[in-house]
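Numbering (this note's numbering), first residue to last: 1 to 82.
First comes the structure, then the notes that go with it.
Have a look at this one:
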């Protein structure tokens, strides 16, 4: 799933990753920057994932092999950093 330059990537073995795509036209470089990921302590087999947007809140949802919807919320740093 994607919103603007943000991507939500689900993997059967590595869980959920929330990344930002950045392209620098001057230096002709492209980068993916990981902003967040699902907790490494749990084994999350992601079969489907998508964004949930409500006002200024951004939620991430991942459906696993058991049919469970795992909900996460992305909160950037409170000091204004991305």
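C-beta atoms are modelled at their ideal positions from N, C-alpha and C, and glycine is treated no differently.
Quiz item: Cα separation between residue 3 and residue 19?
Solution: Here residue 3 corresponds to residue number 3 of the chain shown, with the count starting at 1. Here residue 19 corresponds to residue number 19 of the chain shown, with the count starting at 1. The alpha-carbon atoms of residue 3 and residue 19 are separated by roughly 11 Å.
Quiz item: Can you list, in chain order, the stretches of the beta strand (DSSP E) that have 3 or more residues and sit fully within the region 18 to 59?
Solution: With a minimum length of 3 residues, the continuous beta strand (DSSP E) runs that stay inside the region 18 to 59 are 29 to 37 and 46 to 54.
Quiz item: Excluding sequence positions up to five away, which residues of its chain have a Cβ less than 6 Å from the Cβ of residue 30?
Solution: The residue you call residue 30 lines up with position 30 of the chain shown. Here the set comprises 23.
Practice problem: Take residue 45 and list the residues in its own chain whose beta-carbon comes closer than 6 Å to its own, dropping the five residues that flank it on each side. | Solution: If you number the chain shown from 1, residue 45 lands on position 45. Excluding sequence neighbours, residue 45 sits near 12, 64 and 65.
Quiz item: What are the boundary residues of the beta strand (DSSP E) that includes residue 9?
Solution: Along the chain shown, one-based indexing puts residue 9 at 9. It spans 6 to 11 - the beta strand (DSSP E) in which residue 9 sits, taken as one unbroken run.
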